[in-house]
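Student: Please see the structure below; I have some questions.
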Amino acid sequence: MTSQRPSLAPYAWLSLGAATVIIVLKTWAYWVTGSVGLLSDALESLVNFVAAAFAVFVLIVVARPADEDHQYGHDKAEYFSSGLEGGLILVAALAIAVAAIERLLHPRPLEQVGLGLGLSVIASILNLIIARVLLAAGRRHDSITLEADGHHLMTDVWTSAGVLVGVGLVAVSGLLWLDPLVALLAAAKIVWTAVDLLKRSVLGLMDTALPPDEQAHIRTVLDRYRRDGVEYHALRTRRSGARRFISLHVLVPGAWSVQRGHDLVEKMEDEMRGRLANATITTHMEPLEDPRAWRDASLAPVQTPEEKT
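Each residue of the sequence shown is one higher than the last, beginning at 1010 in the numbering used here.
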């Protein structure tokens, strides 16, 4: 059995509300200063808003129980959210780079730097607070959607810090090229975050196996039972959002009663779940002495219809 994860949509609503306020503050900061660095900040916050809006929808879907059309639940929808966020971050990075290059070619003095920096600092502090909340909730509830949103906001915080430094240096030194240069560096940092999010999303949609440390825990539990004359094989694992799926064959002496074998399998599953939250475990019990029980001991290649005939 698996425990039902509480709805995480309220966290996404929190992120959406914060993104709205931050967009207003950063756009205002760009408007009064004309800084392309602050423009890059505002554009990334717009991405945060769109991603948070989609995250609200996705987390509402994820909270739905399994149904006839989705018998394994709706958890994989989280990967669409993180994938979309990664794609939007790439678009924002491109827009920032284009604006920065244009400003390098056509420098323009900054205005009202003090007010612009003050607005950006307020927005960055708000971003930092929301990012910490989302990251903590993402780790606690095993949600890639909240983790993606939190990491994106943290990237925004560091990007904002760099932009503030760049704008401050321009105000002090008068070197106008520092502002677009910092914007280009911010775009490069954003691309790195986007690639990581896209990679994790693709791996999730491809039913990638559980991490090595979790697989090691599973094998450690199973190996303890070999001294009782019990074997196992065909161990397969995959991840779907916050849920873990594990399937395996357990081979017990044929003379055992069904009740004894069932009790053993239940004990195995309980021990595996000790360190694996939201795990759905499917076991197939077979007699140890039957040669047919060993036919699928390893992962078999997928056969084409022609090969099957």
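The beta carbon of each residue, even a glycine, is placed where N, CA and C say it ideally should be.
Everything numeric in this text was worked out from a predicted model, so none of it was measured.
Here's the rule: buried if 16 or more other CB atoms are within 10 angstroms of the residue's CB, otherwise exposed. What is leucine 1281?
Tutor: The question names leucine, but residue 1281 is methionine in the sequence shown. Answer is buried; the Cβ neighbour count reaches 16.
Student: Using CA coordinates, which residue listed in Ser1249, Ala1102 and Ser1182 is at the minimum distance from lysine 1085?
Tutor: The candidate whose alpha carbon is nearest that of lysine 1085 is Ser1249.
Student: State buried or exposed for histidine 1160, treating a residue as buried only when at least 16 other CB atoms are found within 10 Å of its CB.
Tutor: So histidine 1160 ends up on the buried side.
Student: Nearest to leucine 1214 by CA position, among Ser1091, Gly1283, Val1130 and Leu1231, is which residue?
Tutor: Leucine 1214 has its Cα closest to that of Ser1091, out of Ser1091, Gly1283, Val1130 and Leu1231.
Student: For serine 1012, collect the residues of the same chain with a Cβ closer than 8 Å to its Cβ; drop the 5 residues on either side in sequence, then sort them by chain order.
Tutor: Because serine 1012 sits at a pLDDT of 46, beneath the cut-off of 50, its placement in the model cannot be relied upon, and the following sentence gives the value as read from the coordinates. Hits under 8 Å: Ala1286 and Asn1287.
Student: Identify the continuous alpha helix (DSSP H) that holds valine 1033 and give its terminal residues.
Tutor: Unbroken alpha helix (DSSP H) run through valine 1033: 1018-1042.
Student: Could you check if isoleucine 1253 is buried or exposed, using at least 16 other CB atoms within 10 Å of its CB as the buried criterion?
Tutor: Reading off the sequence shown, one finds arginine at residue 1253, where the question assumed isoleucine. The residue is buried, with at least 16 neighbouring Cβ atoms inside 10 Å.
Student: Between Ile1290, Ala1302 and Leu1244, which has its C-alpha nearest glycine 1263's C-alpha?
Tutor: If we check each option's Cα against that of glycine 1263, Ala1302 comes out closest.
Student: Leucine 1184: buried (16+ other C-beta within 10 angstroms of its C-beta) or exposed?
Tutor: Under this definition leucine 1184 is an exposed residue.
Student: Name the DSSP bridge partner or partners of leucine 1257?
Tutor: For leucine 1257, which the question treats as bridged, DSSP gives the partners Thr1292.
Student: Output the distance between the C-alpha atoms of leucine 1173 and phenylalanine 1066, rounded to the nearest integer angstrom.
Tutor: Distance between the alpha carbons of leucine 1173 and phenylalanine 1066 is about 33 Å.
Student: Leaving out five residues before and five after isoleucine 1227 in sequence, what residues of the same chain have Cβ atoms less than 6 Å from its Cβ?
Tutor: Cβ neighbours of isoleucine 1227 beyond the five flanking positions: Met1281.
Student: Note the first and the last residue of the continuous beta strand (DSSP E) segment covering histidine 1242.
Tutor: Taken as a continuous stretch (DSSP letters only), the beta strand (DSSP E) holding histidine 1242 covers 1240-1249.
Student: How about alanine 1102 and leucine 1048: do their beta carbons lie closer than 9 Å?
Tutor: Their beta carbons are not under 9 Å apart, which means alanine 1102 does not touch leucine 1048 by this criterion.
Student: Would you mind sorting alanine 1140 into buried or exposed? The rule is 16 or more other CB atoms within 10 Å of its CB.
Tutor: Alanine 1140 is buried by the Cβ-count criterion.
Student: Based on the DSSP output, what are the partners of arginine 1252 in its beta bridges?
Tutor: Note: arginine 1252 sits in a beta bridge opposite Ser1249.
Student: Would you say the region 1204-1211 touches the region 1227-1237, given that touching needs at least three Cβ pairs under 8 Å?
Tutor: In short, these stretches do not touch, since the Cβ pair count stays below three.
Student: Given a cut-off of 9 Å, decide if isoleucine 1290 and isoleucine 1255 are closer than it, judged by their beta-carbon atoms.
Tutor: Result yes, Cβ atoms of isoleucine 1255 and isoleucine 1290 sit closer than 9 Å.
Student: With a threshold of 16 other CB atoms inside 10 Å of the CB of glycine 1095, please say whether the residue is buried or exposed.
Tutor: The residue in question, glycine 1095, is buried, as its Cβ has 16 or more Cβ neighbours within 10 Å.
Student: Applying the criterion that 16 or more other CB atoms from any shown protein chain within 10 Å of the CB defines a buried residue, is glycine 1147 buried or exposed?
Tutor: Glycine 1147 comes out buried.
Student: Less than 6 Å between C-beta atoms, sequence neighbours within five positions excluded: which residues of the same chain meet that for leucine 1128?
Tutor: For leucine 1128, where only same-chain residues beyond five positions count, the Cβ hits under 6 Å are Leu1034, Trp1037 and Ala1038.
Student: Quick check on DSSP: helix, strand or coil for tyrosine 1088?
Tutor: If DSSP states are grouped into helix, strand and coil, tyrosine 1088 belongs with the helices.
Student: Could you have a look at alanine 1286 and say whether DSSP puts it in helix, strand or coil?
Tutor: Residue state, collapsed to three classes: coil.
Student: Can you tell me whether glycine 1263 is helix, strand or coil according to DSSP?
Tutor: Glycine 1263 falls in the coil class under three-state DSSP.
Student: Can you tell me whether leucine 1114 is buried or exposed? The criterion is at least 16 other CB atoms within 10 Å of its CB, across all chains shown.
Tutor: So leucine 1114 ends up on the exposed side.
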